[in-house]
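Novice: The structure's right below; bear with me while I get my questions together.
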Amino acid sequence: YDPFGDTYQNIGKNNSAKSARIEPEDGDNPTLSLKDKYKAALSKYLSGELSEARQMCRNIILSFPDSAITLSAFYLLLQIEGKTGNRRDSLNSFLSSINPGNLKKKLYLLAKLKLADNAQSGSYPQVITGLQNWYPDTVMAPYLLFKNFKYYLDIPNNKDSALVLKNSLMAAYPHHKLTREAKILMGMEELQKAASNLKTGKNINPVLENYPNPFNPTTTIRYGISTPGEVKIILYNILGETVRIIVNEPKEKGVFTFSFNAGRLSSGIYICRMISADGVLVRKMLLLR
Numbered sequence: 002y003d004p005f006g007d008t009y010q011n012i013g014k015n016n017s018a019k020s021a022r023i024e025p026e027d028g029d030n031p032t033l034s035l036k037d038k039y040k041a042a043l044s045k046y047l048s049g050e051l052s053e054a055r056q057m058c059r060n061i062i063l064s065f066p067d068s069a070i071t072l073s074a075f076y077l078l079l080q081i082e083g084k085t086g087n088r089r090d091s092l093n094s095f096l097s098s099i100n101p102g103n104l105k106k107k108l109y110l111l112a113k114l115k116l117a118d119n120a121q122s123g124s125y126p127q128v129i130t131g132l133q134n135w136y137p138d139t140v141m142a143p144y145l146l147f148k149n150f151k152y153y154l155d156i157p158n159n160k161d162s163a164l165v166l167k168n169s170l171m172a173a174y175p176h177h178k179l180t181r182e183a184k185i186l187m188g189m190e191e192l193q194k195a196a197s198n199l200k201t202g203k204n205i206n207p208v209l210e211n212y213p214n215p216f217n218p219t220t221t222i223r224y225g226i227s228t229p230g231e232v233k234i235i236l237y238n239i240l241g242e243t244v245r246i247i248v249n250e251p252k253e254k255g256v257f258t259f260s261f262n263a264g265r266l267s268s269g270i271y272i273c274r275m276i277s278a279d280g281v282l283v284r285k286m287l288l289l290r
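Taking my numbering, the leading residue of the sequence shown gets 2, the next gets one more, and so forth.
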């Protein structure tokens, strides 16, 4: 899902970032637009040249903190660091170097949240509370409240705290997509408890996968649920924007497959996310042309 609603921009559309120029650094081409620079970093990532892609993303982030493309580069950097492994100290050092002089930039918020993710779990609520004080009345406020809710929901024996935060979301942002998400996740907790006493017959492990992956332009998506109920499968781009709602209907227990054609989509990384009574499953999909 997209935590910032409609505030992201698609890099394929006209925006001020398209005309931005990268200053020469470590062999960078000064004639490339910011959009093309991000595309080059993505190409390096997809071809396995992770060190080069990492440096290109870091250059974009430090040079252009206001651009929507920079947010995309930030998420790509996290993907790269996740693949290389054992670089938490290096990533934390870089995130800490992002200019704190502009505390209300989205990029700074995301960097602080990632630092909190990498820190000791007990400090996370304090970080969220501090950020909520900085972003009390902006589009980021419901996102921070949701992050706090999700933190307590994932901790055993903290469901009462999660319920209080869910109710706060419902009171303050009754029509927000994250409020709907919180209600779904909280409802799944109850469904899972009830289902644990009702499961009979052959067990089915919840699954979400696609093959081939990478693909061009068609892939087969296979998903399975062990608890009957509403199933929602949504495809997001790397910015967190909804690209397509693939499945949105009630399903019986079972395994299902269907062919998905991405002929109208651009090359890149996509996130496929399934929400059901069994929980949330996420699958990374690569479209290569």
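Glycine included, every Cβ here is placed at the ideal spot set by N, Cα and C.
On the DSSP letters alone, give me the boundaries of the beta strand (DSSP E) that residue 209 sits inside.
Specialist: 208-212
Novice: Compute the beta-carbon to beta-carbon distance between residue 299 and residue 78, rounded to the nearest angstrom, for a pair I have assumed lies under 8 Å.
Specialist: Nothing can be reported for residue 299, as the shown portion of the chain is limited to 2 through 290.
Novice: Three-state secondary structure (DSSP) at residue 231?
Specialist: strand
Novice: Could you tell me which of 107, 133, 151 sits nearest to residue 164, measuring between CA atoms?
Specialist: Cα-wise, what sits closest to residue 164 is 151.
Novice: Assign residue 271 to one of three DSSP states: helix, strand, or coil.
Specialist: strand
Novice: Assuming residue 245 contacts residue 236 under a Cβ cut-off of 8 Å, what Cβ separation, rounded to an integer in Å, is found between them?
Specialist: 5 Å
Novice: Quick check on the DSSP output: the alpha helix (DSSP H) that includes residue 48 runs from which residue to which?
Specialist: In the DSSP assignment, residue 48 falls outside any alpha helix (DSSP H), carrying neither H nor E.
Novice: What's the gap between the Cα of residue 14 and the Cα of residue 124?
Specialist: Low per-residue confidence applies at residue 14: pLDDT is 37, beneath 50, and the placement is therefore not dependable, though the value from the model is reported in the following sentence. The straight-line gap from Cα to Cα measures roughly 39 Å.
Novice: Quick check on DSSP: helix, strand or coil for residue 252?
Specialist: Three-state DSSP puts residue 252 in a strand.
Novice: Compute the beta-carbon to beta-carbon distance between residue 61 and residue 38, rounded to the nearest angstrom, for a pair I have assumed lies under 8 Å.
Specialist: 6 Å
Novice: Can you give me the C-alpha to C-alpha distance between residue 217 and residue 40, rounded to a whole angstrom?
Specialist: Each residue's alpha carbon lies about 18 Å from the other.
Novice: Per DSSP, which residues does residue 245 bridge with? Please list them.
Specialist: 236
Novice: Could you give the C-beta distance for residue 129 and residue 159, rounded to a whole number, given that I count them as a contact under 8 Å?
Specialist: Contact doesn't hold; Cβ gap of about 14 Å is too wide.
Novice: Relative to the C-alpha of residue 212, which residue among 170, 74, 273, 135 is closest?
Specialist: 273
Novice: Quick one: residues in its chain with C-beta nearer than 7 Å to the C-beta of residue 145, no 5 flanking neighbours on either side, listed in chain order?
Specialist: 129, 132, 133, 136
Novice: From which residue to which residue does the alpha helix (DSSP H) around residue 171 run?
Specialist: 160-173
Novice: Do you know how far the Cα of residue 114 is from the Cα of residue 289?
Specialist: 31 Å
Novice: For a quick check, are the C-beta atoms of residue 207 and residue 227 less than 7 Å apart?
Specialist: yes
Novice: Assuming residue 73 contacts residue 247 under a Cβ cut-off of 8 Å, what Cβ separation, rounded to an integer in Å, is found between them?
Specialist: Contact doesn't hold; Cβ gap of about 22 Å is too wide.
Novice: Assign residue 61 to one of three DSSP states: helix, strand, or coil.
Specialist: helix
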